[in-house]
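K.L.:
The structure under discussion is supplied below as structure tokens; questions concerning it will follow.
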Amino acid sequence: MHLAKTPFLAVRDVARPLLGNSADFDESIDMTTDADVVLLGEATHGTTECYRMRAQITARLVDECGFDTIAIEGDWPDAWRVNRYAQGDAAIGEADAALADFTRFPAWMWRNRPMREFVGWLRDHNATLPLESRAGVCGLDLYSLYRSAGAVIRSLDDVDPDQAELARRRYAALDYAREPSAYGYAVATGARPAATADAVTQLLQRRSSEATCLAQDGIDALDARFFAQRNAQVVVNAETCYRAMFGPRANMWNLRDSHMRDRRDLSAGDGARQSLLHVVDHRAVRRAVPSRRDEPARTARAARCAASAREAGAGVVTATQAWRMQCRRKKYGYLSEKSN
């Protein structure tokens with residue numbers, strides 16, 4: 348009878364030493380040859396060494412392996428500014444300015460030297476490529492409830508003031524002391540009605556106008572509408588998450604990770620399921636690199652914080668979905684393979 352290995356022994360068997368040279372990550376990079384998605388996590392959150400290695404690995408995945416989407420555990424509007432900079436937006440002149448929207452704690456998770464150097468490198472790298480081949484950045488998280496609602500309204504102010512006023516009325520129920528947890532508590536205790544229906548209505552309206560705007564207004568206008576539509580989706584999911592804050596803890600955990608998983612799916616969607624293949628500038632995204640600060644090489648079964656079987660981390664959900672997709676490919680052959 349073989350005893351189960353302790354976590355220490357299990358890690359020791361598969362760990363690879365880092366010697367501080369350019370070959371440190373060669374084996375890991377070679378393993379991504381046939382991967383559509385590579386999950387990056389960490390065990391030493393908040394260290395310069397971690398952020399530096401994360402940047403080095405991501406740069407190699409983009410440069411050597413053709414990954415073209417970097418999905419980070421940041422809020423959608425904050426990461427979109429980084430994406431604009433990486434795409435060469437002349438209005439954002441330097442990397443520090445590109446990272447300026449990361450103000451929510453812990454701001455230093457993204458506003459640090461390795462990240463600043465990486466986004467500068469990404470902009471220079473993209474400048475050598477045609478527009479449709481450039482790598483982009485998107486945010487997976489949902490803690491931008493009010494900023495995302497404001498972004499939806501501002502986008503409408505520019506093109507349709509009447510619709511902007513309608514959006515203000517729909518989102519008004521969310522504006523409870525400008526504190527999302529206070530909103531969630533008030534709804535949970537019956538002190539105020541939920542804004543769920545109005546938030547969903549606003550999202551559906553944003554979606555209905557997106558499909559036709561490319562032909563009418565061009566890619567720049569579609570960029571703006573796409574940004575607004577994703578913000579509307581964040582509002583819907585964040586509203587649900589903050590209401591769940593005062594219910595079972597596992598429920599809120601799963602809602603947040605499901606939101607991140609869905610954002611990642613938008614990054615790596617295939618033509619059989621998406622009429623618009625886009626997460627960055629609406630171009631066909633082939634390969635994605637999601638980066639999660641608190642999800643190292645773990646699954647919900649292994650994470651101590653997920654001792655309850657009701658909690659599912661993005662890592663295990665992604666692995667399960669990948670397995671199911673592979674089974675469907677083999678059985679039905681209808682899911683398109685990635686393009687290289």
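Take the position in the sequence shown, starting the count at 1, then add 347; the result is the number in the numbering used here. We treat Cβ as the ideally placed atom computed from N, Cα and C, and that holds for glycine. Since this is a predicted model, take the numbers as computed values, not measurements.
#1: Please report whether the beta-carbon of R431 lies at a distance below 8 angstroms from any beta-carbon of chain B.
#2: Specify whether the stretch 489-505 and the stretch 578-589 touch according to this definition: at least 3 beta carbon pairs, one from each stretch, less than 8 angstroms apart.
#3: C485 bridges to which residues according to DSSP?
#4: If you scan the stretch 356-401 from start to end, which runs of the alpha helix (DSSP H) of 4 or more residues do you find wholly inside it?
#5: Kindly give me the distance between the Cβ atoms of A546 and E586, rounded to whole angstroms, as I take these residues to be in contact under 8 angstroms.
#6: With 16 as the cutoff for other CB atoms within 10 Å, does V499 come out buried or exposed?
#7: Short of 8 angstroms in beta carbon distance, which residues of its chain neighbour E374, apart from the five on each side in sequence? Order them along the chain.
#8: Suppose you measure from the CA of T548 to the CA of Q510; what does that come to, to the nearest Å?
#9: Closest to R458 by C-alpha separation, out of E420, T475 and N368, would be which residue?
#10: Between which two residues does the alpha helix (DSSP H) harbouring I439 extend?
#11: Can you tell me which of the three DSSP states Y490 falls into?
#12: By the three-class DSSP mapping on this structure, what secondary structure does A558 have?
#13: For V466 and A442, which I take to be in contact (beta-carbon distance under 8 angstroms), what is that distance rounded to the nearest angstrom?
#14: Would P461 and A402 qualify as a contact pair, given that the criterion is a beta-carbon distance under 8 angstroms?
#15: Any idea if A390 is buried or exposed, counting beta-carbon neighbours within 10 angstroms, 16 or more meaning buried?
#16: Should M607 be labelled buried (16 or more other beta-carbon atoms within 10 Å of its own) or exposed?
#17: Along the chain, where does the alpha helix (DSSP H) containing N459 start, and where does it finish?
P.N.:
In short, the structure shows the following:
#1: Note that chain B does not occur in the displayed structure, where there is just one protein chain.
#2: The stretch 489-505, when compared against the stretch 578-589, does touch it at the 8 angstroms Cβ threshold.
#3: The partner list for C485 (beta bridge, DSSP) reads A418.
#4: Counting only runs of 4 or more, we get 373-377.
#5: That belief holds up - the Cβ atoms of A546 and E586 are roughly 5 angstroms apart, short of 8 angstroms.
#6: Only buried fits V499, as 16 or more other CB atoms lie within 10 angstroms of its CB.
#7: Taken in chain order, the residues that qualify are R363.
#8: One C-alpha to the other measures close to 12 angstroms.
#9: E420 is the residue among E420, T475 and N368 whose C-alpha sits nearest the C-alpha of R458.
#10: Segment: none, I439 is in no alpha helix (DSSP H) and carries neither H nor E.
#11: For Y490, the secondary structure class from DSSP, reduced to helix, strand or coil, is coil.
#12: Bear in mind that a pLDDT of 48 at A558, under 50, signals an unreliable position, so the number given afterwards is only what the model happens to contain. If DSSP states are grouped into helix, strand and coil, A558 belongs with the helices.
#13: That pair is a contact at about 5 angstroms.
#14: For P461 and A402, yes; Cβs fall inside 8 angstroms.
#15: That one is exposed.
#16: So M607 counts as buried.
#17: N459 -> no alpha helix (DSSP H), and no H or E assigned at all.
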